[in-house]
Amino acid sequence: MENNLQKPKTTAGDFFIHLGAIAVLYAFVGFLINLIFTIVDVVYPPVGAYYYVSPSISLPVAALIVLFPIFILLSWIIHQNYEKDPFKKELAVRKWLTFLTLFITGIVIAGDLITVIYYFLDGRDFTGSFVLKALALLVITGMIFIYYIQDLRGTVFSSARKIWAGMTLLLALGAIVAGFSVIGSPQTQRLMRFDQQKVNDLQSIQWQIVNFWQAKQKLPRNLEELKDPISGQIIPIDAQSGKPYEYSVSGPLSFKLCANFNKESAVGSYSSEVSFPQPARPMVAEKGIPGMEDNWQHAVGDVCFDRTIDPDRYPPFLKQ
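Using the working numbering, you'd call the opening residue of the sequence shown number 492 and step up by one each time.
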């Protein structure tokens, strides 16, 4: 009788398989929420976002594809152990991690909803964005909370677990499909990254030309004149085609930079990685974002950007 009342001992295997299942669950939920929020932000851009950066869903989608089967496998192993030895349901590690999950779920629900409500009251998100984010948080965290409450009570049987797994799979697949529908397929993402890199390169070349004019009070005849072995300054080329960008002088202070783009840019779009060679940096920032006053919106195909140097804004360097 005493042996039957003894608490089951937690082995190293029990500890790590329970810990692994919970850790994978946390990561899965985090990436799922991240993916859904990214989709919502694309559909309803935040108020106050003065430029648009094309987001990537590659990481959260890859994580969901890998983590979901791992979680299902670990959960299956755990419940197989319970069937072989029902006393393992009383393992301390199981109860501690379950209560920890319920606690964290409650904190996340409260914290994230407070954040979403704060953004809404502060006028940073449209009502549609607020509703969708709040609904996504409530559905995901609510499902976790309900499942683990039922699991503690022992009311989740094999058939119910399959239903829960199916619901989770449908939710993840729905988010992935929505992500690709809104943001684009992997091929589209690849082409957009090429376009972003082209804008980065053109920005870099533009400021190298400004540097050149400030130093010599004339525009370079071609991009080769911008090369400076001493400073290590190099001229970017189109990574997609492997060819140099097109440059031409159109006046004493005017020039054109041209590139071939795969996709039309979004309204108000800018590169997500902006760098400027020193010292020729924009002296006035727009809305607190340095280097964003030049318009780099483009259509599909060959596009040229006309630029004119303002000598008052970018005066020649004083020679020593």
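Each residue gets a CB set at the ideal place from its N, CA and C atoms; glycine is no exception.
Given the structure is predicted, the values throughout are model-derived calculations rather than measurements.
- Item | Residues of its chain near alanine 706, where Cβ-Cβ distance is below 6 Å and the 5 sequence neighbours each way are ignored | These residues qualify, in order along the chain: Phe808.
- Query: Would the beta-carbon of leucine 714 fall within 8 Å of that of proline 743?
  - Reply: The answer is no: Cβ separation not under 8 Å.
- Task: With DSSP collapsed to three states, give me the class of aspartate 603.
- Result: Note: aspartate 603 maps to helix in three-state DSSP.
- Query: Relative to the C-alpha of leucine 582, which residue among Phe507, Gln708, Lys709 is closest?
  - Reply: The candidate whose alpha carbon is nearest that of leucine 582 is Phe507.
- Item | First through last residue of the beta strand (DSSP E) which encompasses alanine 441 | Since the first residue of the chain shown is 492 and the last is 811, residue 441 is not available in this structure.
- In chain order, what residues of the same chain lie with their CB nearer than 8 Å to the CB of leucine 591, ignoring the 5 residues before and after it? The answer, listed in chain order, is Ile513.
- arginine 652 versus isoleucine 569: straight-line alpha-carbon distance, rounded: Roughly 12 Å separates the two Cα atoms.
- Item | Whole-number beta carbon distance between threonine 501 and valine 823, since they are thought to touch under 8 Å | The requested residue 823 is not part of the displayed model; the chain covers only 492 to 811.
- Measuring CA to CA, which of Glu574, Tyr517, Leu593 is closest to leucine 558? Tyr517 is the residue among Glu574, Tyr517, Leu593 whose C-alpha sits nearest the C-alpha of leucine 558.
- Message: What does the Cβ neighbour count give for asparagine 691, buried or exposed, with the cut at 16 atoms within 10 Å?
- Response: Sixteen is the threshold: when 16 or more other Cβ atoms of the shown chains lie within 10 Å of the Cβ of asparagine 691, as they do, the residue is buried.
- Can you tell me which of the three DSSP states proline 711 falls into? Reduced to three states, the DSSP call for proline 711 is coil.
- Item | Which residues DSSP lists as bridging asparagine 751, in chain order | Residue pairing from DSSP places asparagine 751 in a beta bridge opposite Asp793.
- In terms of residues, what are the limits of the alpha helix (DSSP H) holding glutamate 737? Careful: glutamate 737 lies outside any alpha helix (DSSP H), inside the beta strand (DSSP E) at 737-740.
- Using the C-alpha atoms, what's the distance from aspartate 613 back to glycine 782? Here the model assigns glycine 782 a pLDDT of 39, short of 50, so the residue's position is not dependable and the matter cannot be decided.
- Would you list, in sequence order, the uninterrupted alpha helix (DSSP H) runs of no fewer than 4 residues that lie entirely inside the region 547-615? The region 547-615 contains these whole alpha helix (DSSP H) runs: 549-575, 583-612.
- Apply the 10 Å Cβ neighbour rule to glycine 670 and answer buried if 16 or more other Cβ atoms are within range, or exposed otherwise. Result: buried.
- Query: Would isoleucine 780 be called buried (16 or more neighbouring beta carbons within 10 Å of its own) or exposed?
  - Reply: Bear in mind that the predicted position of isoleucine 780 carries a pLDDT of just 38, short of 50, making it unreliable; the figure below should be weighed with that in mind. Classification for isoleucine 780: exposed.
- Message: Buried or exposed, going by whether 16 or more other CB atoms sit within 10 Å of the CB of tryptophan 704?
- Response: By the C-beta density criterion, tryptophan 704 is buried, having at least 16 other C-beta atoms within 10 angstroms.
- Residue of Gln678, Lys624, Cys749, Asp797 minimising C-alpha distance to proline 536: Closest by C-alpha distance to proline 536, out of Gln678, Lys624, Cys749, Asp797, is Lys624.
- Message: Can you look up phenylalanine 746 in the DSSP assignment and give me helix, strand or coil?
- Response: The three-state secondary structure of phenylalanine 746, taken from DSSP, is strand.
- Cα-Cα, which of Val668, Phe522, Thr659, Lys709 is closest to phenylalanine 815? Lying before the first or after the last residue shown, residue 815 is absent from the chain, which here runs from 492 to 811.
- Message: Mapping the DSSP letters down to three states, classify glutamine 724 as helix, strand or coil.
- Response: Strand, per DSSP.
- Task: Could you check the C-alpha separation between leucine 664 and glutamine 694 for me, to the nearest Å?
- Result: Straight-line measurement puts the Cα of glutamine 694 at about 38 Å from the Cα of leucine 664.
- Query: Whose CA, out of Pro720, Ile721, Glu737, lies closest to the CA of isoleucine 728?
  - Reply: In terms of Cα proximity to isoleucine 728, the closest of Pro720, Ile721, Glu737 is Glu737.
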